[in-house]
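Encoded as structure tokens, the structure appears first; notes follow it.
Numbering (the working numbering), first residue to last: 2 to 112.
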């Protein structure tokens with residue numbers, strides 16, 4: 002049985018994660034393409050789960066993590082960009098800075 006101090010430590014450890022905004026979750030549920038869902042879910046985890054706001058990865062790096070071909074990731078990225086679910090900024094070396102736009106009212110101050 003856990004004591005109250007052990008429960009408090011467990012809660013504190015998980016409270017560092019930033020919750021995913023509702024608009025982003027609605028966008029994820031609206032996707033019907035499995036590759037686009039896998040890519041978007043990965044980006045949500047990286048951008049919101051650890052509070053970084055963006056992630057810098059190539060198509061090949063993402064493909065290796067989500068278990069898809071880099072061409073499939075490129076097509077899925079195009080779909081996410083077209084729908085406005087992701088913003089890609091090209092960087093040197095074939096790497097992109099990936100960001101997920103959120104509604105202004107869903108942005109919270111950094112703790």
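Note that the Cβ used here is the ideal one computed from N, Cα and C, for glycine as well.
For residue i, is the classification buried or exposed, using 16 other Cβ atoms within 10 angstroms of its Cβ as the cut-off for buried?
i, result
"residue 82", "exposed"
"residue 28", "buried"
"residue 30", "exposed"
"residue 32", "buried"
"residue 72", "exposed"
Could you pull out every residue in the same chain whose Cβ sits closer than 7 Å to the Cβ of residue i, ignoring the five residues on either side in sequence?
i, result
"residue 34", "77 and 80"
"residue 103", "22, 24 and 25"
"residue 69", "36 and 39"
Roughly how far, in whole angstroms, is the beta-carbon of residue i from the beta-carbon of residue j, given that I think they are within contact range, below 8 Å?
i, j, result
"residue 97", "residue 58", "7 Å"
Near residue i, what residues of its chain come up, given a Cβ to Cβ distance below 8 Å and the 5 sequence neighbours on each side ignored?
i, result
"residue 55", "48, 98, 99 and 100"
"residue 88", "82, 99, 100, 101 and 102"
Between the Cα of residue i and the Cα atoms of the options, which residue gives the shortest distance?
i, options, result
"residue 92", "65, 60, 43 and 67", "60"
"residue 64", "85, 46 and 36", "36"
"residue 66", "85, 86, 84 and 44", "44"
"residue 94", "69, 62 and 46", "62"
Ordered along the chain, which non-local residues of its own chain (more than five positions away) have a Cβ less than 6 Å from that of residue i?
i, result
"residue 38", "32"
Report task. Kindly provide the ranges of any beta strand (DSSP E) runs that are 3 or more residues long and lie completely inside the region 55–107, ordered along the chain. Result -> 55–58, 88–92 and 96–100
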